[in-house]
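Residue numbers (my numbering), protein chains in the order written: chain A, 117 to 459; chain B, 117 to 459; chain C, 117 to 459; chain D, 117 to 459.
Worksheet: the structure to be examined is printed underneath.
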């Protein structure tokens with residue numbers, strides 16, 4: 117198969133390009149760019165790689181003609197303009213941007229602070245590709261956000277099986293700096309990040325609505341969640357620490373929680389359930405794994421669930437490849453065999 | 117005045133020694149040690165300092181004879197053996213260890229995993245020195261733990277004025293590695309900490325009982341709190357992120373919270389109230405300041421309070437000096453004028 | 117005394133402002149700025165400081181009327197325009213920028229890549245303020261660059277006493293990121309610095325000519341030096357590792373080197389001579405100290421001298437205060453008593 | 117093929133185990149250990165890997181019977197005891213330890229501070245496996261040290277073609293903390309490494325004699341080198357910065373250097389020659405690449421060569437696999453296709 121990438125210069129795009137080049141079922145990766153200087157884009161990749169770098173001017177028709185699928189790792193506001201055309205041609209898309217994740221354009225406007233450019237109808241045809249929870253998918257797959265992935269995976273069994281008070285969820289999430297993108301900013305200047313920890317976008321992160329949308333599919337009466345995000349002085353890795361009150365009617369809580377997590381993630385090759393052990397970021401950084409552990413406190417009846425991912429892998433490029441694998445009926449782990457860097 | 121330090125080789129002791137040497141009301145700082153090699157202790161300090169280093173063999177009578185007060189920065193299990201004697205002599209003590217913070221010896225045994233060696237009666241005579249909340253103090257002052265300081269300061273107005281559901285408190289706290297002490301361990305080896313974030317002692321941290329003890333003094337019907345701690349890949353700084361549900365009867369929540377914090381910390385020279393702005397660690401690292409900000413979410417009625425301190429200053433040595441200043445009726449800021457390192 | 121600062125928003129300016137505020141001989145620090153929004157400048161400082169922040173519109177006459185001295189912590193290209201006027205009025209200036217360090221305008225053009233705007237005559241009246249080596253100074257003091265300070269202090273006894281082959285000097289210097297200034301750049305983005313070490317400006321750093329100028333004052337036949345700089349993934353601290361061949365005629369090399377360093381820096385309160393021990397950055401970071409150690413290899417006859425400073429203290433603001441103290445005949449350590457942060 | 121690893125718990129061993137498991141020509145990796153608790157060793161690896169973990173009690177006969185080759189990633193002092201037996205059986209060995217690198221046991225004693233336990237004769241049969249420079253190899257391969265690899269690769273063309281004064285070489289090398297091994301020590305405690313840079317073992321590093329031994333094979337009249345090592349506050353990556361005077365007889369220096377490097381490393385799949393561009397650590401960290409750049413200064417006639425590797429890959433486990441590939445006539449890049457982590 118040949119695949120196209122649009123938006124290869126950001127962190128997610130770079131990791132994605134690397135994964136696709138090593139993918140056993142992919143013959144050729146074509147880079148499409150709206151930048152005029154194709155050589156500059158090519159140069160970003162060729163410094164130590166002998167793999168051929170194929171860079172073309174962005175052209176939606178060309179993409180569909182010469183490829184079997186396209187990955188978009190573009191900023192907010194780009195994919196909306198092409199979604200309908202791609203759908204009409206039944207052309208497989210994995211969209212890493214947030215543009216088509218929310219079914220309700222009003223939510224998009226509220227959380228992304230820009231006008232939506234996709235219709236209700238187009239949005240309704242999109243699959244939200246949280247891979248462990250999607251079966252057959254549409255041709256257009258919205259790859260979930262990094263915070264959404266870790267949070268939803270940590271909450272899924274608890275919400276689906278109503279083990280918790282649906283109005284009690286509090287998420288304290290933290291991410292490495294690649295999660296903030298490659299653009300220069302005061303908040304990501306070395307001197308401002310190093311030896312610091314800073315919270316940002318408390319209750320305002322744009323991944324909140326996609327989390328709520330998915331939770332409400334699982335439990336329509338799901339209450340609002342409390343959601344905070346923090347910036348760790350590291351490059352890669354994301355932890356969602358989730359607090360929730362266990363429902364009064366649940367007894368044998370430890371066993372019930374363990375069974376729920378084990379049943380939900382049975383046979384999922386990228387999920388490691390750690391029971392009463394709290395995973396740290398090193399355990400998964402560099403890999404496509406999600407590790408989930410928890411601690412139940414019988415005194416407060418609060419369960420603390422910790423869900424960790426690599427924000428660029430399971431939180432972006434890795435899950436995109438996993439979505440690709442599922443769509444084309446390949447082995448779910450194809451091209452994703454890399455173990456964590458952990459020594 | 118002359119003051120004694122016991123336990124100067126740890127992180128808190130080192131910072132304390134430095135602060136006391138710069139203190140305008142202190143003439144001489146005497147180091148007492150149970151190590152046999154006094155020169156080795158002296159050598160730790162003399163490399164760039166021209167200040168005279170006075171090291172003596174530990175001797176409780178000698179301490180009382182030649183000093184006006186003693187600071188203990190010793191590990192758990194040391195001060196208990198000397199507390200009664202020091203009290204009987206009305207000798208002023210600032211004890212940075214956790215040995216005399218808990219009024220109930222059974223709690224000490226449960227959380228410190230060792231036998232208490234202090235009687236109920238002795239414990240009853242100790243002042244828990246959370247400086248912003250103590251008036252006249254006893255001669256024996258138990259300097260609060262770092263997590264306890266940040267958490268209690270962030271919760272005080274909310275609990276004292278019952279603005280929150282007393283059964284809803286969840287604390288997600290994080291600290292730099294100096295908080296784990298100077299002893300070598302796998303968990304504090306550079307390779308294990310760098311580029312990582314790890315939670316530890318979830319619901320098991322030994323500062324939990326002193327937090328509960330103080331909260332119940334403020335509100336006897338205070339419910340248990342949920343308390344997690346994490347290790348940041350930095351040296352210094354501690355953040356307590358506190359989540360609590362605002363009581364149903366409270367209206368004008370934003371104003372009420374702001375008024376409560378402002379009233380509580382009015383005229384407190386080391387507390388900065390930031391209202392709807394979340395402080396980060398850089399803001400206070402290196403100084404004795406506590407900075408507190410919050411964000412109220414009307415959808416969930418949860419308030420997120422963020423309280424940050426330098427774990428070695430306000431969380432240990434700085435507050436110890438503040439306790440000393442208060443006890444002797446000095447200016448509260450004497451010897452503590454250092455601004456944050458922040459550039 | 118009242119003093120003025122121009123250029124307070126950069127890293128050096130911020131540290132300088134803090135030092136001057138704590139200075140026992142300074143009553144009032146006035147900030148002058150060319151930015152139109154004075155409140156914005158004020159806001160940078162008032163968040164945890166109760167010290168009054170005095171911000172004025174930049175006006176050279178106003179500065180001279182209301183202050184006893186002025187510190188410039190401005191970028192290259194600013195001070196040249198005001199130097200002559202300030203000199204004509206005998207007004208004391210400590211200039212942290214590189215504009216008046218080089219006596220030869222052609223050198224300035226070559227290394228700073230911009231047209232010099234100061235005359236030969238004006239330049240000739242400037243004192244190059246390497247404090248340990250200046251006696252009576254002119255009113256206009258050019259505060260040395262950070263790399264120049266560490267390198268010159270490490271080389272001084274060896275060159276002055278001609279203990280080394282004057283054509284054999286190689287300097288491998290490294291600095292923390294604050295040395296690169298506050299401006300955002302790809303090279304100082306957290307993701308690019310963290311877990312990396314990068315050399316830059318090999319043989320092209322603008323501090324090379326001021327080093328050569330000073331070395332040639334000490335030894336007119338001094339040969340060119342090899343000079344490389346690297347960016348460490350830390351905030352503060354600078355190490356100059358200096359390699360030089362010991363002259364053939366020198367015997368008892370270890371003793372001769374030790375004597376030379378000890379004699380040169382005898383009675384210098386901010387210099388710590390460590391003999392055969394190599395100082396690391398922690399030893400001095402946060403303080404105004406320079407620590408110097410060395411290792412002589414009899415097999416190669418090469419001496420490795422390591423000279424470490426805090427780039428914002430002895431490398432900028434600290435030495436500026438030291439220059440101020442010397443000019444006004446104050447104690448050299450006034451306002452500079454801060455010990456290293458080292459725990 | 118089946119391969120054995122002895123010493124899998126250290127950093128090099130862990131990375132090696134991972135590489136061998138992904139190696140296309142290896143069917144099974146057997147771990148041999150002298151620890152009694154085999155399960156503990158197994159547990160280190162099975163947490164996120166579904167790959168089978170085969171752990172056996174260390175037994176040299178068993179190793180030779182059930183494997184096609186053995187890798188030793190053991191501390192100094194282990195392999196010497198087995199080398200002769202393995203050689204007598206013509207059993208292929210890749211030895212990552214330093215025990216058999218030096219031909220002269222007296223040198224071993226001097227630099228490793230322990231008695232050599234290998235005879236001159238046994239040592240004479242060992243191939244020093246600097247892969248880019250070895251042709252047919254013996255069965256026993258001594259895998260070079262990390263500092264030796266980077267330094268020798270940066271010096272090879274200059275020494276082999278005598279482009280430099282053979283008595284002028286100065287190496288200023290720096291490494292990440294994994295280079296110091298997994299054992300806890302004060303020097304590798306997080307608080308001591310973070311925000312610091314420390315030189316260590318100046319002129320005393322045990323890789324110096326293997327560098328000299330190899331350089332003297334290339335140029336018997338090679339003079340001693342000056343060699344310093346420093347500890348960077350990062351996990352992985354090593355830079356050797358090499359200074360040397362270009363010989364007086366060389367003209368067209370830039371061209372001559374470039375030609376020499378290009379000719380030496382032509383067709384070497386893991387070497388990237390960057391000419392007048394200085395590589396940083398990010399460029400190669402995580403991969404088996406060596407990147408080499410330089411800058412020639414016509415004023416001093418000194419060339420600065422910078423050679424960077426990942427200390428655990430090309431500096432240890434990666435080169436070990438490369439040696440394995442070469443020995444068995446496999447593609448040199450088999451199992452080593454991983455690109456740098458760089459984003």
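Beta carbons are placed, not taken as given, at the ideal position from N, Cα and C, and that holds for glycine.
Annotation: the continuous beta strand (DSSP E) that includes residue 413 (chain C) extends over 406–413. Per DSSP, the continuous beta strand (DSSP E) segment holding residue 315 (chain D) begins and ends at 314–316. Only residues of its own chain outside the window of five on either side were considered, and among them 247, 385, 386, 438, 441 and 442 have a CB closer than 8 Å to the CB of residue 448 (chain B), listed in chain order. If you draw a 10 Å sphere on the C-beta of residue 415 (chain C), you find fewer than 16 other C-beta atoms in it, and that means exposed. In the displayed model, residue 368 (chain A) falls within coil according to three-state DSSP, outside both helix and strand. Nearest C-alpha to residue 230 (chain D) among D:238, D:221 and D:236: D:221.
For residue 127 (chain C), the chain B residues whose C-beta falls within less than 8 Å of its own C-beta are 459, listed in chain order. Residue 317 (chain C) and residue 345 (chain C) have their alpha carbons spaced roughly 6 Å apart. Here the C-alpha atom of residue 422 (chain C) lies approximately 22 Å from the C-alpha atom of residue 454 (chain C).
In this structure, residue 206 (chain D) lies near residue 255 (chain D), with their beta-carbon atoms less than 7 Å apart. Within the segment 192–265 of chain A, the complete beta strand (DSSP E) segments of 3 residues or longer fall at 209–211 and 256–258, listed in chain order. The beta carbon of residue 404 (chain A) sits closer than 6 Å to the beta carbons of 386, 429, 430, 434 and 452 from its chain, once the five residues preceding and following it are set aside; these are given in chain order. For the set D:375, D:379, D:408 and D:376, the Cα lying nearest the Cα of residue 388 (chain D) is the one of D:408. Burial check for residue 232 (chain B): the Cβ neighbour count within 10 Å reaches 16 or more, so the residue is buried. Counting of Cβ neighbours within 10 angstroms places residue 310 (chain D) among the buried residues, the total reaching 16 or more. Here residue 355 (chain B) is buried. Its C-beta has 16 or more other C-beta atoms within 10 Å. If you ignore the 5 residues before and after residue 361 (chain D), its C-beta comes within less than 7 Å of the C-beta of 280, 281, 284, 417 and 418, all in its own chain and listed in chain order.
Put simply, the CB of residue 244 (chain C) is far from chain D, with every gap to its CB atoms at 7 Å or more.
Annotated as distal: residue 203 (chain B) and residue 406 (chain B), with beta-carbon spacing of 7 Å or more. Contacts with chain D (Cβ-Cβ distance below 8 Å) from the segment 386–415 of chain C involve 394, 396, 397, 398, 401, 411, 413 and 415, listed in chain order.
Put simply, the CB of residue 238 (chain D) is far from chain A, with every gap to its CB atoms at 7 Å or more. At least 7 Å separates the beta-carbon of residue 138 (chain D) from that of residue 118 (chain D).
Annotated three-state conformation of residue 442 (chain B) is helix, per DSSP. Between the segment 289–301 of chain B and the segment 299–307 of chain D there are three or more C-beta pairs closer than 8 Å, enough to call the two in contact. In this structure residue 313 (chain B) is in contact with residue 348 (chain A), their Cβ atoms being roughly 5 Å apart against a cut-off of 8 Å. If the five residues before and after residue 378 (chain D) are omitted, its C-beta is found closer than 7 Å to the C-beta atoms of 389, all from its own chain and listed in chain order. Remark: C-beta atoms of residue 292 (chain A) and residue 351 (chain A) approach each other more closely than 7 Å. Distances from the alpha-carbon of residue 150 (chain B) to those of B:395, B:135 and B:188 put B:188 closest.
Only those residues of the segment 131–155 of chain B whose C-beta falls short of 8 Å from the nearest C-beta of chain A would be listed, and there are none. Each residue's CA atom was taken as its position, placing residue 191 (chain B) and residue 420 (chain D) some 51 Å apart. Residues of chain B with a Cβ closer than 9 Å to the Cβ of residue 311 (chain C) are, in chain order, 310 and 311. The C-beta distance from residue 286 (chain D) to residue 359 (chain C) rounds to 5 Å, short enough to meet the 8 Å contact threshold.
Annotation for residue 182 (chain C): the continuous alpha helix (DSSP H) segment containing it runs 176–182. Close to residue 453 (chain C), with beta-carbon spacing below 8 Å, are these residues of chain B in chain order: 138. Chain A places a beta carbon closer than 7 Å to that of residue 300 (chain C), counting this residue as a contact. In this structure, residue 323 (chain C) keeps its C-beta atom at 7 Å or more from the C-beta atom of residue 381 (chain C).
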